[in-house]
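Peer 1:
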Amino acid sequence: MDNREQMNIVIVGHVDHGKSTVIGRLLADTGSLPEGKLESVKEYCKKNSRPFEYAFLLDALKDEQAQGITIDTARCFFKTGKRDYIIIDAPGHIEFLKNMVTGASRAEAALLVIDAKEGIRENSKRHGHIVSMLGIKQVVVLVNKMDLVDFDNNIFNSIKSEFTEFLDKINIKPINFIPISAFNGDNVAGKSANTLWYEGPTVLEQLDGFANKKENRQLPFRMPVQDIYKFTEENDDRRIVAGTVLSGTVKTGDEVVFLPSKKRSVINSVEGFNTAPAHTAYADQAVGFTLKTQIYIKPGELMVKAGETQPVLSSRFRVNIFWVGHVPLIKNKNYKLKIGTMRIAVKLVEILNIIDAAELNIDTFKDQVERHDVAECILETAKPIAFDAISDIELTGRFVIVDNYEISGGGIILEGVPDSDNSLVEHIRDREYLWEKGLIPAADREEIYGHKSKFIVITSGSEENEKAIRDIGKNLEDRLFKRNYKAYYLGVSSLLNGLAADSSTDFQARDSQIRQIGELARIFTDAGQIFITSVFDLDDYEAEKLKLLNQPNEIIIVNVGQSPFNSFKPDSNISTGRSLDSTVDSICDLLKQQEIILDYYI
1 MDNREQMNIV IVGHVDHGKS TVIGRLLADT GSLPEGKLES VKEYCKKNSR PFEYAFLLDA
61 LKDEQAQGIT IDTARCFFKT GKRDYIIIDA PGHIEFLKNM VTGASRAEAA LLVIDAKEGI
121 RENSKRHGHI VSMLGIKQVV VLVNKMDLVD FDNNIFNSIK SEFTEFLDKI NIKPINFIPI
181 SAFNGDNVAG KSANTLWYEG PTVLEQLDGF ANKKENRQLP FRMPVQDIYK FTEENDDRRI
241 VAGTVLSGTV KTGDEVVFLP SKKRSVINSV EGFNTAPAHT AYADQAVGFT LKTQIYIKPG
301 ELMVKAGETQ PVLSSRFRVN IFWVGHVPLI KNKNYKLKIG TMRIAVKLVE ILNIIDAAEL
361 NIDTFKDQVE RHDVAECILE TAKPIAFDAI SDIELTGRFV IVDNYEISGG GIILEGVPDS
421 DNSLVEHIRD REYLWEKGLI PAADREEIYG HKSKFIVITS GSEENEKAIR DIGKNLEDRL
481 FKRNYKAYYL GVSSLLNGLA ADSSTDFQAR DSQIRQIGEL ARIFTDAGQI FITSVFDLDD
541 YEAEKLKLLN QPNEIIIVNV GQSPFNSFKP DSNISTGRSL DSTVDSICDL LKQQEIILDY
601 YI
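Going by my numbering, the sequence shown opens with residue 1, and the numbers climb by one from there.
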């Protein structure tokens, strides 16, 4: 079996700038053509009184299979001493862009062909945009047809300077510019005597100098959690975290982190169905793991190995999308994002530029993404998610977007974007600016009610406490109410058939509940009341979200038993095993310490 390296190269450029000639020349100069093919095409040209061109080789090879070589309209193959190459010809049509942008066909490097005589044209810039949108880092510009400008160094340098300046604006830093004449073979496979002023590599040397992407096993460990299985028969208390390993390797004893929750544990065992016991799991395996410490995690989390390069954790990211939905992709509408096993609400917050895939027109002013558009834009999820940039690990950098139960778009993540000034912050800023208060000052309410307002959230990371924290919340309400305090308990599940009934779907129900309870808290605390809720497994992000939503009023977060938090510090940690009355006493003591309620009232 051939274990040689293989690399996908995309070649882009205007049809008249010699792209096909470059490909034909590469095939011929590397001896990758079927035997006798070059001679037969030359003979055909001679018989028909046509000048031979290397571009004709592509036409002659269409649909032909010989000596293991398959050529079609989009891909052709050649070999060097170092590796096998697949050149993906980028005609700019819809199907090509869809395949490239959605990750169906990934290129590791790009050759961008420019005609030295014609110089930089609008189409050259469009193709630059395409390369940028594909997230390709290894880019080389071939300045072709140098023979038509007498191999003039000044013309080459002028194109190099002007195009470098343009590429910099679209986040491309080309590795090299190579002066070539594909028709004559200058600087393609061998150094040209016509460009003694050029000291860089030939095209083939440059190709062999590109870095190959790593095999999946060589990459950092990534496994989206598909499900958590629990066993109850025959005293089997295992909890198995199951999924398919996308990349890397992991073994028993390794410390792992689950993202975005940031919960940590150590692998106790590697499990399989009807398989021999194993201690290691590899990329592409569907496996299960038991952990040494039992932590509550949810399907959709990304399991990674501590100590390795970590994924990006953000709620905002710059992406390229190919949109196939019948209805346009519009700003600030909720869609469903599917990445790995994660399903989460997402919205379009900014369009950076759009390429009409049919016409290759670039538009930076459109306010929606139409069908068959390729868009570079900023997306925002309901809470931070874990992902990798497509240039680092493509399997965790691809996604699809669902609109109205149909996959309507697919794309790649180019990078995370700082999310400090996200939609929630903007919403709260606008809400507070427009907030219309009544005539009663907060101090007057405190004097009449005999207490200050407060938002109290009771949580736990232990599944066995899920019902207990609800009971604590209800009994706290009862205790305060019987002492004439204005207290009200509302469980977040009550919102599913109430305020959030029409606004949430399965993948955004939790986020809607958190959002609605936070908005209600803002109203209740503004009305001077003590508003109480219980939220099982509240994470760091949700706790901060509730604090933000309740601004400018205060919040108390009480944790019972095992904490669900990673770095967030609750106001109180209450151990399990205490009586209900004793737990309620502890929360009341906290309210007295913070002078929310006064000693003599209790």
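Glycine included, every Cβ here is placed at the ideal spot set by N, Cα and C.
Just so it is clear, the structure is predicted and the values come from calculations on it, not from any experiment.
Thr244 to Phe289, Cα distance in whole Å?
Peer 2: Numbered from 1 along the sequence shown, position 244 holds the residue referred to as residue 244. Numbered from 1 along the sequence shown, position 289 holds the residue referred to as residue 289. Taking the straight line from one Cα to the other gives about 11 Å.
Peer 1: Distance, Cα to Cα, Leu259 vs Pro299?
Peer 2: Your numbering for residue 259 matches position 259 in the sequence shown. Your numbering for residue 299 matches position 299 in the sequence shown. Whole-angstrom Cα-Cα distance: 11 Å.
Peer 1: In whole angstroms, what separates the C-alpha of Gly450 from that of Ser269?
Peer 2: Sequence index remark: in the sequence shown, residue 450 carries index 450 (1-based). Sequence index remark: in the sequence shown, residue 269 carries index 269 (1-based). If you take the alpha carbons of Gly450 and Ser269, they lie about 57 Å apart.
Peer 1: Let me confirm a value: Trp197 is counted as buried when at least 16 other C-beta atoms fall within 10 Å, else exposed. Which label applies?
Peer 2: Start at 1 with the first residue of the sequence shown, and residue 197 comes out as number 197. Flag for Trp197 reads exposed.
Peer 1: Can you look up Glu118 in the DSSP assignment and give me helix, strand or coil?
Peer 2: Taking the sequence shown and counting its residues from 1, one reaches residue 118 at position 118. Coil at Glu118, not helix or strand.
Peer 1: With contact counted as at least three CB pairs below 8 Å, one residue from each stretch, are the segment 566 to 579 and the segment 279 to 293 in contact?
Peer 2: No: the two stretches stay apart, fewer than three of their Cβ pairs being nearer than 8 Å.
Peer 1: With a CB to CB cut of under 6 Å and the five nearest residues on each side skipped, what residues in its chain are close to Ser181?
Peer 2: Position 181 of the sequence shown, counting from 1, holds the residue named residue 181. Hits under 6 Å: Met146 and Asp147.
Peer 1: For Ile86, which residues in the same chain have their Cβ closer than 8 Å to its Cβ, ignoring the five residues on either side in sequence?
Peer 2: Here the question's residue 86 lines up with position 86 in the sequence shown. Gln6, Met7, Asn8, Ile9, Arg75, Cys76 and Phe77, listed in sequence order.
Peer 1: I'd like the ranges of any alpha helix (DSSP H) spanning at least 4 consecutive residues and lying wholly in the segment 485 to 551.
Peer 2: As far as the segment 485 to 551 is concerned, its whole alpha helix (DSSP H) runs of at least 4 residues are 509 to 526 and 540 to 549.
Peer 1: Under the DSSP definition of a beta bridge, which residues are partnered with Asn144?
Peer 2: Sequence index remark: in the sequence shown, residue 144 carries index 144 (1-based). In the DSSP output, where bridge partners are listed per residue, Asn144 has Asp115.
Peer 1: What number of angstroms, rounded off, separates the C-alpha of Ala242 from the C-alpha of Ile412?
Peer 2: Taking the sequence shown and counting its residues from 1, the one referred to as residue 242 is at position 242. Taking the sequence shown and counting its residues from 1, the one referred to as residue 412 is at position 412. The alpha-carbon atoms of Ala242 and Ile412 are separated by roughly 25 Å.
Peer 1: How should Gly135 be labelled, buried or exposed, when 16 other C-beta atoms within 10 angstroms of its C-beta is the threshold for buried?
Peer 2: For this step, residue 135 is matched to residue 135 along the sequence shown. Buried: at least 16 other Cβ atoms inside 10 Å.
Peer 1: Assign Thr275 to buried or exposed, taking buried as 16 or more other Cβ atoms, counted over all protein chains shown, within 10 Å of its Cβ.
Peer 2: For the purposes of this step, residue 275 is taken as the residue at position 275 of the sequence shown. Thr275 comes out exposed.
Peer 1: Return helix, strand or coil for Leu24, following the three-state DSSP convention.
Peer 2: Taking the first residue of the sequence shown as 1, we reach residue 24 at position 24. First, the amino acid is wrong: residue 24 is Gly here, not Leu. It is helical.
Peer 1: Using C-beta distances below 6 Å, list every residue in its chain close to Phe455, excluding the 5 sequence neighbours before and after it, in chain order.
Peer 2: On the sequence shown, position 455 is the one that residue 455 refers to. Contacts found: Ala521, Thr525, Phe531, Asn550 and Ile555.
Peer 1: Starting from Ala286, follow the beta strand (DSSP E) in both directions and report where the run begins and ends.
Peer 2: To locate residue 286, count along the sequence shown from 1; it is residue 286. Where Ala286 is concerned, the enclosing beta strand (DSSP E) stretches over Ala286 to Leu291.
Peer 1: What do you get for Gln513, buried or exposed, if any count of 16 or more other CB atoms within 10 angstroms of its CB means buried?
Peer 2: Mapped onto the sequence shown, residue 513 falls at position 513. The residue in question, Gln513, is buried, as its Cβ has 16 or more Cβ neighbours within 10 Å.
Peer 1: Go ahead and label Tyr229 buried or exposed: buried means 16 or more other beta carbons lie within 10 angstroms of its beta carbon, across all protein chains shown.
Peer 2: For the purposes of this step, residue 229 is taken as the residue at position 229 of the sequence shown. By the 10 Å Cβ count, Tyr229 comes out exposed.
Peer 1: From Asp471 to Leu580, what distance separates their C-alpha atoms?
Peer 2: Position 471 of the sequence shown, counted from the first residue, corresponds to residue 471. Position 580 of the sequence shown, counted from the first residue, corresponds to residue 580. Near 8 Å, if we compare the C-alpha coordinates of Leu580 and Asp471.
Peer 1: With a threshold of 6 Å on Cβ separation, who are the neighbours of Arg238 within its own chain once the five nearest residues in sequence on each side are excluded?
Peer 2: On the sequence shown, residue 238 is found 238 positions in, with the first residue counted as 1. The answer, listed in chain order, is Phe231 and Thr290.
Peer 1: Pick helix, strand or coil for Val400, following the three-state DSSP scheme.
Peer 2: Sequence index remark: in the sequence shown, residue 400 carries index 400 (1-based). Strand at Val400.
Peer 1: Using 8 Å for Cβ pairs, my map puts Leu204 next to Arg222. What's the rounded Cβ distance?
Peer 2: As a first step, residue 204 must be located in the sequence shown, where it is residue number 204. As a first step, residue 222 must be located in the sequence shown, where it is residue number 222. With a Cβ gap of about 35 Å, Leu204 and Arg222 do not count as contacting.
Peer 1: Could you tell me whether the Cβ of Asp186 comes closer than 8 Å to any Cβ of chain C?
Peer 2: Among the protein chains of the structure shown there is no chain C, as only one such chain exists.
Peer 1: Could you tell me which residues DSSP pairs with Asp84 in its beta bridges?
Peer 2: Numbered from its first residue, the sequence shown carries residue 84 at position 84. Answer is Gln6 and Lys79.
Peer 1: Of the residues Ile574, Glu308 and Asp208, which one's Cα is nearest the Cα of Glu255?
Peer 2: Within the sequence shown, the letter at position 255 stands for residue 255. Per the Cα distances, Glu308.
Peer 1: In the DSSP assignment, find the unbroken alpha helix (DSSP H) run with Phe166 in it and report its ends.
Peer 2: Translated into positions along the sequence shown, residue 166 becomes position 166. Where Phe166 is concerned, the enclosing alpha helix (DSSP H) stretches over Asn153 to Lys169.
Peer 1: With the cut-off set at 8 Å, would you say Trp323 and Asp392 are in Cβ contact?
Peer 2: Counting from 1 along the sequence shown, the entry for residue 323 is found at position 323. Counting from 1 along the sequence shown, the entry for residue 392 is found at position 392. The answer is no: Cβ separation not under 8 Å.
Peer 1: Which residues in the same chain as Arg479 place their Cβ atom closer than 7 Å to its Cβ, once the five residues preceding and following it in sequence are excluded?
Peer 2: Here residue 479 is taken as the residue at index 479 of the sequence shown, counted from 1. For Arg479, where only same-chain residues beyond five positions count, the Cβ hits under 7 Å are Val584 and Cys588.
Peer 1: On a CA-only basis, which of Ala189, Thr21, Tyr335 and Leu495 is nearest Ile517? Give me that one, please.
Peer 2: Reading the sequence shown from its first residue, position 517 is the one you call residue 517. Closest by alpha carbon: Leu495.
Peer 1: Under a three-way DSSP split, which group does Tyr433 fall into?
Peer 2: For the purposes of this step, residue 433 is taken as residue 433 along the sequence shown, with counting starting at 1. Reduced to three states, the DSSP call for Tyr433 is helix.
Peer 1: Could you say if the segment 401 to 421 and the segment 322 to 342 meet the contact criterion of at least three C-beta pairs nearer than 8 Å?
Peer 2: They touch, by the three-pair rule.
Peer 1: Output needed for Gln65: all residues of its chain with C-beta closer than 7 Å, excluding positions within five of it in sequence on either side, in chain order.
Peer 2: If you number the sequence shown from 1, residue 65 lands on position 65. Only weak support is given to the placement of Gln65: the predicted model assigns it a pLDDT of 36, under 50, and the value that follows is read from those uncertain coordinates. Nothing meets the Cβ criterion.
Peer 1: May I have a chain-ordered list of the alpha helix (DSSP H) segments no shorter than 4 residues that lie completely inside the segment 444 to 487?
Peer 2: 466 to 482, all fully within the segment 444 to 487.
Peer 1: Using 10 angstroms around the beta-carbon of Asp430, count the other beta-carbons present and answer buried if the total reaches 16, otherwise exposed.
Peer 2: The sequence position of residue 430 within the sequence shown is 430, counting from 1. Counting Cβ neighbours within 10 Å, Asp430 comes out exposed, since fewer than 16 surround it.
Peer 1: Within a Cβ cutoff of 6 Å, which residues of the same chain sit near Val149, ignoring the five residues on either side of it in sequence?
Peer 2: Residue numbering aside, residue 149 sits at position 149 when the sequence shown is read from its first letter. Once the five neighbours on either side are set aside, the close Cβ partners of Val149 are Ala116, Lys117 and Ile155.
Peer 1: Excluding five sequence neighbours on each side, which residues of the same chain lie with their C-beta closer than 6 Å to the C-beta of Ala109?
Peer 2: Numbered from its first residue, the sequence shown carries residue 109 at position 109. Counting only Cβ-Cβ distances below 6 Å, and skipping sequence neighbours, we find Ile9, Gln138 and Phe210.
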